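Q: Questions regarding the structure given below will be posed in turn.
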């Protein structure tokens, strides 16, 4: 029996599989991205602002509840966009109020973000990469090879998960500052870092002031101009008073020496008028001597900056030691005597491995099954979450 052309076409249509578009994670969109995405599907540009307001201001992530969108549009968007945040594996709370969140980012990988409280602010330190290429000798993350760079939605997701957690706990405080000082070198992932900053700063997004956003770098000079272009604060992981010492503890200095790094810092200041924050880790016998303090002040004499002094936070396998409190205080006093603007950073979160230089992809045991019960371990509040995701 020979089928007619009409019958053949009908059978072909029945056997045709219509490809379902892959859902796009909302948190990967800047406002401009979402406007372009909606335009692609023939939707009005102003709808992007409406959706951003629902999500970031009202924290509504169900299209059916976005009542100023038409019913047909809501139904269509549900087949195009998803709202995916990185699941929390574990949430640790230090005796000093510091909080650490361990996130599942898939394929056996995890990242950490840290909430640092103070009287006048609540700062979130976010990660930008899984592992790090910089291999700084004193940093726990630096001992782990770079596995991959985080996407913009994974960076924004850290902020949103922590903000939601604070709201759920009824603390009455919101994150006031964000620093890109967690795992990874932010400027080694500059596209995704600055895309996430676009969302975090946008008045339709998180609406955080640019003055409350700081990007830290170990000295990746070719990318540093982007910090000035974004008009956010710059922090430089300096950690030495000479090229010889810096090259020993920070391999990047062999490619981008201090002279070039400090000149780039001056360019940043000329472009923004903002002082640079110099991070200086005090390593026993390496960078903590009185003469080192004098050389540091001399080195930075012509650079508009303030200096954060950070006593080394020890971690497993480290080749360095933390200086004595007396050595730290003497170093601080010497820099102040010489006229430098220095701050001795208070060490926070050491009991939960959340202090500067202690972040890692693997330092927290991950139980096979987690619940929402609380327990006390050595004075540290440990909260585990069932994420509905496979165990890493």
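Residue numbers (this note's numbering): 232 to 623. Quick reminder that beta carbons are idealized off the backbone N, C-alpha and C, glycines included. All figures in this text were calculated on a predicted structure; none of them were measured in a lab.
Within the chosen definition, does the stretch 286-306 reach the stretch 372-379 through at least 3 CB pairs nearer than 8 Å?
A: Too few Cβ pairs lie closer than 8 Å, so no.
Q: Can at least three beta-carbon pairs, one atom from the stretch 353-360 and one from the stretch 503-514, be found at a separation below 8 Å?
A: No, they do not touch.
Q: Among residues of its own chain, excluding the 5 on either side of residue 299, which ones have a beta-carbon nearer than 6 Å to its beta-carbon?
A: 281, listed in sequence order.
Q: According to DSSP, what are the bridge partners of residue 313?
A: Note: residue 313 sits in a beta bridge opposite 256.
Q: Here's a check: name, in chain order, each residue in its chain whose Cβ is nearer than 8 Å to the Cβ of residue 540, leaving out the five neighbours to either side.
A: These residues qualify, in order along the chain: 511, 513, 559, 562, 563, 566, 573, 574, 575, 576.
Q: Which of helix, strand or coil does DSSP assign to residue 336?
A: In this structure, residue 336 counts as coil in the three-state DSSP scheme.
Q: By the 10 Å Cβ neighbour count, where 16 or more other Cβ atoms means buried, how is residue 402 classified, buried or exposed?
A: Result: exposed.
Q: Would you tell me roughly how many angstroms separate the C-alpha atoms of residue 459 and residue 446, rounded to the nearest one?
A: Roughly 10 Å between the two C-alpha positions.
Q: On the DSSP letters alone, give me the boundaries of the beta strand (DSSP E) that residue 537 sits inside.
A: From DSSP, the beta strand (DSSP E) with residue 537 extends over 536-542.
Q: Going straight from the alpha carbon of residue 369 to that of residue 257, what length do you get?
A: Using only the alpha carbons, I get a separation of about 37 Å.
Q: Could you pull out every residue in the same chain whose Cβ sits closer than 6 Å to the Cβ of residue 527, ignoring the five residues on either side in sequence?
A: Closer than 6 Å at the Cβ level, and outside the excluded window around residue 527, lie 472.
Q: Does DSSP put residue 589 in a helix, a strand or coil?
A: Reliability fails at residue 589, whose pLDDT of 44 lies under 50, so the model's placement of it is uncertain and no value is given.
Q: What's the C-alpha gap between residue 450 and residue 496?
A: So the alpha carbons of these two residues sit roughly 10 Å apart.
Q: With contact counted as at least three CB pairs below 8 Å, one residue from each stretch, are the stretch 308-326 and the stretch 379-396 in contact?
A: Yes, since at least three Cβ pairs between the stretch 308-326 and the stretch 379-396 fall closer than 8 Å, the two stretches touch.
Q: Within the same chain, show all residues whose beta-carbon is closer than 6 Å to that of residue 482, passing over the 5 residues directly before and after it, in chain order.
A: Around residue 482: 366.
Q: Could you check whether residue 408 and residue 352 sit closer than 7 Å to each other, using their CB atoms as the reference points?
A: For residue 352 and residue 408, yes; Cβs fall inside 7 Å.
Q: Applying the criterion that 16 or more other CB atoms from any shown protein chain within 10 Å of the CB defines a buried residue, is residue 464 buried or exposed?
A: Label assigned to residue 464: buried.
Q: Of all the options 287, 264, 279, which has the alpha carbon lying nearest to the alpha carbon of residue 438?
A: Looking at the Cα atoms, 287 is the closest of the given residues.
Q: So, with DSSP's three-state summary, where would you put residue 484?
A: It is helical.
Q: Take residue 433 and list the residues in its own chain whose beta-carbon comes closer than 6 Å to its own, dropping the five residues that flank it on each side.
A: Excluding residues within five positions, the ones whose Cβ falls inside 6 Å are 262.
Q: Let me make sure I understand the geometry here. Which of 310, 475, 283 has the alpha-carbon closest to that of residue 430?
A: For the residues 310, 475, 283, the minimum Cα distance to residue 430 belongs to 283.
Q: Between which two residues does the beta strand (DSSP E) carrying residue 321 extend?
A: Here the beta strand (DSSP E) through residue 321 covers 319-324.
Q: Have a look at 327, 399, 342, 269 and flag the residue whose alpha-carbon is nearest the alpha-carbon of residue 308.
A: Considering only alpha carbons, the answer is 269.
Q: Check whether the Cβ atoms of residue 418 and residue 454 lie closer than 7 Å to each other.
A: Their beta carbons are under 7 Å apart, which means residue 418 touches residue 454 by this criterion.
Q: Measure the C-alpha to C-alpha separation of residue 278 and residue 290 and round it to an integer number of angstroms.
A: Distance between the alpha carbons of residue 278 and residue 290: 16 Å.
Q: Using C-beta distances below 7 Å, list every residue in its chain close to residue 428, excluding the 5 sequence neighbours before and after it, in chain order.
A: So the list reads 444, 461, 463, once near-sequence residues are dropped.
Q: In three-state DSSP terms, what is residue 267?
A: Three-state result, residue 267: helix.
Q: Is residue 488 a contact residue of the ligand ATP, with contact defined as CB to any heavy atom under 6 Å?
A: The ligand content of the structure shown is nil, which means the ligand ATP is not present either.
Q: May I ask you to report which of helix, strand or coil DSSP gives residue 289?
A: Note: residue 289 maps to coil in three-state DSSP.
Q: Find the nearest neighbour of residue 534 within the set 499, 274, 486, judged by alpha-carbon distance.
A: Selected option, being the one with the closest Cα: 499.
Q: Helix, strand or coil, according to DSSP, for residue 355 in the structure here?
A: Looking at residue 355 - three-state DSSP - the assignment turns out to be strand.
Q: If you reduce the DSSP assignment to three classes, tell me which class residue 375 lands in.
A: Three-state DSSP puts residue 375 in coil, outside helix and strand.
Q: For residue 310, count the other beta carbons within 10 Å of its own beta carbon; 16 or more makes it buried, fewer makes it exposed. Which is it?
A: Looking at its Cβ environment, which holds fewer than 16 other Cβ atoms inside 10 Å, residue 310 is exposed.
Q: With residue 489 and residue 474 assumed to form a contact (beta carbons below 8 Å), what rounded beta-carbon distance in angstroms separates them?
A: Yes, they are in contact, since the Cβ atoms of residue 489 and residue 474 sit about 5 Å apart, within 8 Å.
Q: Label residue 228 either buried or exposed according to how many other C-beta atoms from any shown protein chain fall within 10 Å of its C-beta, with 16 as the threshold for buried.
A: Nothing in the structure corresponds to residue 228, since the chain is present only between 232 and 623.
Q: Give the range of the alpha helix (DSSP H) segment to which residue 390 is assigned.
A: Segment 383-399, the alpha helix (DSSP H) holding residue 390.
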